[in-house]
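Numbering (my numbering), first residue to last: 1 to 190.
All C-beta atoms in this analysis are idealised placements derived from N, C-alpha and C, irrespective of residue type, glycine included.
Only one structure is covered here, and it is reproduced in the block below.
Here it is, written out as structure tokens:
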């Protein structure tokens with residue numbers, strides 16, 4: 001069995017601690033947990049890591065295409081290692097969910113998220129799993145500025161435990177069905 005985890009974000013120091021990069025943060029923590037290191041793979045336009053765990057080959061991908069071009073890297077990597085959308089789980093920020101809340105979905109629309117729009121365009125389907133990580137948004141100021149801002153000091157205090165929760169969900173997805181894991185993850189209060 002294969003599982004491809006794709007963390008969405010923007011490359012570069014400037015974006016490292018921004019809300020839009022929570023997908024990268026989760027994948028970096030998962031890589032540490034699994035004891036693997038990312039290597040840049042220019043032909044797929046991303047940083048990749050790969051390991052075997054519990055009889056599953058785990059692929060990690062952080063696109064270097066910037067958020068709006070994420071689909072290109074996902075498609076290239078999936079073609080490179082011959083994976084299908086059923087193998088895919090995308091970790092993505094979600095402004096509609098309160099900070100600290102997660103939702104796991106087996107399919108669905110982009111919800112206005114340009115990274116997901118790009119993936120859907122390149123894969124030709126909305127049928128792939130996504131772990132939506134709530135970053136909240138209270139409607140004050142520009143949405144683009146909000147997602148590209150760093151987490152507040154208060155948010156940063158709980159960010160490590162939030163990221164670890166997401167890593168735990170991804171580890172569950174290695175050997176459990178998405179439907180089973182959804183029962184636990186999606187029970188969180190809104």
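- For residue 103, the three-state secondary structure derived from DSSP is strand.
- From the listed residues 93, 122, 98, the smallest Cα separation to residue 17 is found for 93.
- Counting along the chain, residue 51 sits inside the beta strand (DSSP E) bounded by residues 46 to 53.
- Three or more Cβ pairs drawn from the stretch 1 to 14 and the stretch 48 to 64 lie within less than 8 Å of each other, which places the two stretches in contact.
- In this structure, residue 99 lies near residue 135, with their beta-carbon atoms less than 9 Å apart.
- DSSP, read as helix, strand or coil, puts residue 179 in helix.
- Around the beta carbon of residue 80, fewer than 16 other beta carbons sit within 10 angstroms, so the residue counts as exposed.
- One thing to note: residue 51 has its Cβ no nearer than 9 Å to the Cβ of residue 167.
- By the criterion of a C-beta distance shorter than 7 Å, residue 45 is surrounded in its chain by 63, 64, 65, 72, 73, 76, once the five residues flanking it on both sides are discounted.
- The three-state secondary structure of residue 6, taken from DSSP, is strand.
- The stretch 63 to 136 contains, as complete alpha helix (DSSP H) runs of 4+ residues, the segments 70 to 81, 114 to 123 (chain order).
- By the Cβ neighbour-count rule, residue 23 is buried, with 16 or more other Cβ atoms within 10 Å of its own.
- Selection 107, 112, 154 evaluated against residue 96 yields 112 as nearest (Cα-Cα).
- Closest by C-alpha distance to residue 132, out of 155, 149, 169, is 169.
- Residue 59 has 4, 50 as its beta-bridge partners, per DSSP.
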